[in-house]
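Colleague: Chains as they are written, first to last, in our numbering: chain A, 113 to 239; chain B, 407 to 549.
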Amino acid sequence: MRDGIVALVSGVTFGAGLALAGMTNPAKVLGFLDVAGAWDPSLAFVMAAALGVFAVAYRFTRDEVETPSGVDARLVVGATLFGVGWGLAGFCPGPAIAALSTGSSGVVIFVVAMIAGMGLYRVFEKA
Amino acid sequence: MTEFTPWSSALGGLLIGIAAAVLWVGSRRIAGISGIVANTIFPGSAGEVGWRSAFVLGLPIGAAVVAGFGGPLEVSVEAGPLRLIVAGLLVGFGTRLGNGCTSGHGVCGLSRGSVRSLVATMTFMAAGAATVFVFRHLLGAFE
Numbered sequence: 113m114r115d116g117i118v119a120l121v122s123g124v125t126f127g128a129g130l131a132l133a134g135m136t137n138p139a140k141v142l143g144f145l146d147v148a149g150a151w152d153p154s155l156a157f158v159m160a161a162a163l164g165v166f167a168v169a170y171r172f173t174r175d176e177v178e179t180p181s182g183v184d185a186r187l188v189v190g191a192t193l194f195g196v197g198w199g200l201a202g203f204c205p206g207p208a209i210a211a212l213s214t215g216s217s218g219v220v221i222f223v224v225a226m227i228a229g230m231g232l233y234r235v236f237e238k239a
Numbered sequence: 407m408t409e410f411t412p413w414s415s416a417l418g419g420l421l422i423g424i425a426a427a428v429l430w431v432g433s434r435r436i437a438g439i440s441g442i443v444a445n446t447i448f449p450g451s452a453g454e455v456g457w458r459s460a461f462v463l464g465l466p467i468g469a470a471v472v473a474g475f476g477g478p479l480e481v482s483v484e485a486g487p488l489r490l491i492v493a494g495l496l497v498g499f500g501t502r503l504g505n506g507c508t509s510g511h512g513v514c515g516l517s518r519g520s521v522r523s524l525v526a527t528m529t530f531m532a533a534g535a536a537t538v539f540v541f542r543h544l545l546g547a548f549e
């Protein structure tokens, strides 16, 4: 119960942050990725502010999360596929889910495909 | 072309950082959204669907709250259905293979000083920029 409330508060705050930051608008994300065109550096500000806050909170707890270590091909190939998809539509997972609030059909199509991609990975993982 | 919005973007980033901090300090969990979404819909051996679904549900609620105060969210989707489907499949598969997205690697991982997350973030940023370059400037498909 407690974990559920913490997660809900975090999710609502995260969604509000994404919307306020402009990340729920794929045109703005593509503007950020378009370094050779009319570059919109706004999202660098999102990243810098979020990093600053979380870095302080993480160190404050003097605790550490257990994560895999070492760079491998999976990491690089996965990040590349993700990056290509991100650049094609301008959506990454968080903003896409948050933007479902608008009911936009484009967002729904993307999210359904994204979930299918996650399901495909499950199949691939077991194969 | 979009307008440069340093203030609202930094404020949004501040909220994102606070959200990730709430989850870490409150439950010792990392706000990696691709992993949370995937494990909500396809629960693995880790289980624990409850907190994950609460977090996922919170995202559109938060966005709706901002829209309630500031007017409807601008969501201009330039991509057509086919491109959205291909993009979604790549994002879904790629974030699982690479173990994270912009939130888990980009925000939380970089803050922790994780080398894996640094490599992942540089890789997906470069791949995203290269994709936009190809489609906008070489193929001219966006404009």
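Glycine included, C-beta positions come from ideal geometry on N, C-alpha and C.
Buried or exposed: which applies to residue 549 of chain B, given that a residue is buried once 16 or more other Cβ atoms fall within 10 Å of its Cβ?
Modeller: Position 143 of the second sequence holds residue 549 of chain B. Bear in mind that a pLDDT of 46 at residue 549 of chain B, under 50, signals an unreliable position, so the number given afterwards is only what the model happens to contain. Exposed, by the Cβ-count rule.
Colleague: To the nearest whole angstrom, what separates the beta carbons of residue 464 of chain B and residue 123 of chain A, a pair I think is in contact under 8 Å?
Modeller: Counting from one through the second sequence, the residue named residue 464 of chain B turns up at place 58. Counting from one through the first sequence, the residue named residue 123 of chain A turns up at place 11. At roughly 2 Å, the Cβ-Cβ gap stays under 8 Å, so residue 464 of chain B and residue 123 of chain A are in contact.
Colleague: To which residues of the same chain is residue 206 of chain A closer than 7 Å at the C-beta, ignoring the five residues directly before and after it?
Modeller: Here residue 206 of chain A corresponds to residue number 94 of the first sequence, with the count starting at 1. Taken in chain order, the residues that qualify are 126 and 130.
Colleague: Using a Cβ-Cβ distance cut-off of 9 Å, determine whether residue 239 of chain A contacts chain B.
Modeller: For the purposes of this step, residue 239 of chain A is taken as the residue at position 127 of the first sequence. So no, residue 239 of chain A is outside the interface.
Colleague: Excluding sequence positions up to five away, which residues of its chain have a Cβ less than 7 Å from the Cβ of residue 422 of chain B?
Modeller: Counting from 1 along the second sequence, the entry for residue 422 of chain B is found at position 16. Answer for residue 422 of chain B: 513, listed in chain order.
Colleague: Using the beta-carbon count (16 or more within 10 Å), is residue 180 of chain A buried or exposed?
Modeller: Position 68 of the first sequence, counted from the first residue, corresponds to residue 180 of chain A. With fewer than 16 other Cβ atoms within 10 Å, it is exposed.
Colleague: Could you give the distance in angstroms between the alpha-carbon of residue 409 of chain B and the alpha-carbon of residue 488 of chain B?
Modeller: By one-based count along the second sequence, residue 409 of chain B stands at place 3. By one-based count along the second sequence, residue 488 of chain B stands at place 82. The straight-line gap from Cα to Cα measures roughly 28 Å.
Colleague: If you check the beta carbons only, do residue 218 of chain A and residue 500 of chain B fall under 9 Å apart?
Modeller: Stepping through the first sequence from its first residue, residue 218 of chain A is reached at position 106. Stepping through the second sequence from its first residue, residue 500 of chain B is reached at position 94. Cβ distance not < 9 Å, so residue 218 of chain A and residue 500 of chain B don't count as in contact.
Colleague: Determine the DSSP secondary structure at residue 505 of chain B, reduced to helix, strand or coil.
Modeller: Stepping through the second sequence from its first residue, residue 505 of chain B is reached at position 99. Here residue 505 of chain B sits in coil by DSSP.
Colleague: CB-CB under 8 Å to residue 493 of chain B, same chain, minus the five flanking residues each way: which ones, in chain order?
Modeller: Position 87 of the second sequence, counting from 1, holds the residue named residue 493 of chain B. The answer, listed in chain order, is 485.
Colleague: How many angstroms separate the CA atom of residue 195 of chain A from the CA atom of residue 163 of chain A?
Modeller: Position 83 of the first sequence, counting from 1, holds the residue named residue 195 of chain A. Position 51 of the first sequence, counting from 1, holds the residue named residue 163 of chain A. Approximately 20 Å, taken between the alpha carbons.
Colleague: Alpha carbon to alpha carbon, how far is residue 538 of chain B from residue 170 of chain A? Give it in angstroms, no decimals.
Modeller: As a position in the first sequence, residue 170 of chain A is number 58, starting the count at 1. As a position in the second sequence, residue 538 of chain B is number 132, starting the count at 1. About 34 Å.
Colleague: I'd like to know whether the C-beta atoms of residue 440 of chain B and residue 521 of chain B end up nearer to each other than 9 Å.
Modeller: Taking the first residue of the second sequence as 1, we reach residue 440 of chain B at position 34. Taking the first residue of the second sequence as 1, we reach residue 521 of chain B at position 115. Cβ atoms of residue 440 of chain B and residue 521 of chain B: not closer than 9 Å.
Colleague: How about residue 174 of chain A: is its C-beta nearer than 9 Å to some C-beta of chain B?
Modeller: As a working note, residue 174 of chain A is residue 62 in the first sequence. Closer than 9 Å: no.
Colleague: How many Å lie between residue 523 of chain B and residue 446 of chain B at the Cα?
Modeller: On the second sequence, residue 523 of chain B is found 117 positions in, with the first residue counted as 1. On the second sequence, residue 446 of chain B is found 40 positions in, with the first residue counted as 1. Taking the straight line from one Cα to the other gives about 23 Å.
Colleague: One question on the structure: do residue 161 of chain A and residue 415 of chain B come within less than 9 Å of each other, judged by their Cβ atoms?
Modeller: Your numbering for residue 161 of chain A matches position 49 in the first sequence. Your numbering for residue 415 of chain B matches position 9 in the second sequence. It is a contact, given that the beta carbons lie within the stated cut-off.
Colleague: Within the stretch 147 to 234 of chain A, note down every full alpha helix (DSSP H) run reaching 4 residues or more, in order along the chain.
Modeller: Counting whole runs of 4 or more residues, the stretch 147 to 234 of chain A contains the alpha helix (DSSP H) stretches 154 to 172, 185 to 201 and 205 to 210.
Colleague: Taking Cβ to Cβ, would you say residue 177 of chain A is nearer than 9 Å to residue 155 of chain A?
Modeller: For this step, residue 177 of chain A is matched to residue 65 along the first sequence. For this step, residue 155 of chain A is matched to residue 43 along the first sequence. No, these two residues do not count as a Cβ contact at 9 Å.
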